[in-house]
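J.:
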Amino acid sequence: MSQVSEEPAAVPCKYRTGKTLGRGSFSVVKEAIHLETGEVFACKVINKRLMEGRQKMVRNEVEILKIVSSRHANIVTLHDYFETRNNVCLCFDLCTGGELLKVILEKGKYYERDAAQLMRKVFDGVSYIHNAGIVHRDLKPDNLLFKDGEIMIADFGLSRFMDEDKPQVLTEVCGTPGYMAPEVYRKRCHDPGADIWSLGVITYFVLAGYIPFDRAETDQEMESVLSGDYTFEPSQSWESVTGLAKGFISSCLIRNHTHRPSATQLLDHPWLSDNTRETSVQSDKSFDLLPLVKEASCEKRTSRSSNSSNPLVHRFTAP
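Have a look at this one:
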């Protein structure tokens, strides 16, 4: 990994940019080919003019990545960080395997044990992040990417350091509707428990193909989160999922964040530990979840298509 400097220096460009991989409100992600080595990265190009007033947020993201980057197998690596005249550039692993849902849908078969194995890696990565004194604050399937078959936690743009002496500083509304914890919506002090809530929603998603708080309108979605209004329905999606899995999800979706277990504690939950032991075997009675997940995800994509122009459906942050 290239040494990341304390402050970025303006340097001659060492990369040739390729196709656009994605866009944000003030950044674009492009393929970047290193001119000397030929290595290909994903380069987040942040426009200096558009990031006016947000410089601290970018510096914060880099500082966090300097701590967690390359130290865990399931966290993306920041390989380089530099400035040009007009942009700030962050070069990451190029995760060509795609996003979480895409990988699941491309499987030939998909069992509950597969979901548990995926989520164990995510919880292990989040445990590492929390133990480093950091809250991610935007955990969602879109930020779980794949590189060489391994799931990777990405996008630390909203992440923050935790200050035990000033816990009240993390109070702004941020994240993605449907994955945000009740205390985040309420603008109350939030801590690693907010990430645990998001992971509970993601676990529900990888087992069913839709999220527990999905509603037609964003305000309805918020109300369902605040009231903890979710069920394991429809029955055809959940009748073949074990009670152990449902109990695991419920442990994450406790409304009072102080009562939620930590990521480290949840790694010892039987649903994660029993399903991921090397000695565990797939039961002949195990149910292939893939057809139901495909059907549910297709229905949700269709129903949300009319809302695709509404940024609140995807992500919002405090000004």
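Residue numbers for the sequence shown follow UniProt numbering, beginning at 1 and rising by one.
We treat Cβ as the ideally placed atom computed from N, Cα and C, and that holds for glycine.
1) So what's residue 252 in DSSP terms, helix, strand or just coil?
2) Can you have a look at residue 160 and say buried or exposed, based on whether 16 or more other CB atoms are within 10 angstroms of its CB?
3) Along the chain, where does the beta strand (DSSP E) that runs through residue 59 open and close?
4) Per DSSP, residue 209 is paired with what?
5) Could you compute how far the alpha carbon of residue 121 sits from the alpha carbon of residue 24?
6) Could you check the C-alpha separation between residue 247 and residue 179 for me, to the nearest Å?
7) Assuming residue 127 and residue 267 are in contact, meaning their beta carbons sit under 8 angstroms apart, how far apart are those beta carbons, in whole angstroms?
8) Taking only runs of the alpha helix (DSSP H) that begin and end inside the region 215 to 272, which ones reach a length of at least 4 residues, in chain order?
9) Do you know how far the Cα of residue 258 is from the Cα of residue 188?
10) Considering only C-alpha positions, which residue in the set 263, 82, 230 is nearest to residue 47?
11) When the Cα atoms are used, what is the spatial distance from residue 190 to residue 182?
12) Between which two residues does the alpha helix (DSSP H) holding residue 118 run?
13) Output the distance between the C-alpha atoms of residue 197 and residue 225, rounded to the nearest integer angstrom.
14) Please report the straight-line C-alpha distance between residue 98 and residue 256, rounded to a whole angstrom.
15) What's the gap between the Cα of residue 222 and the Cα of residue 235?
16) Report the rounded CA-to-CA distance for residue 264 versus residue 217, giving the unit in angstroms.
17) Using only the alpha-carbon positions, how far apart do residue 194 and residue 184 sit?
T.: Per the coordinate set shown:
1) helix
2) buried
3) For residue 59, there is no enclosing beta strand (DSSP E); the residue is found in the alpha helix (DSSP H) stretching over 55 to 68.
4) DSSP output for residue 209 lists no bridge partner at all.
5) 27 angstroms
6) 18 angstroms
7) 6 angstroms
8) 218 to 227, 235 to 238, 243 to 252, 263 to 266
9) One C-alpha to the other measures close to 12 angstroms.
10) 82
11) 9 angstroms
12) 112 to 131
13) 10 angstroms
14) 34 angstroms
15) 24 angstroms
16) 34 angstroms
17) 7 angstroms
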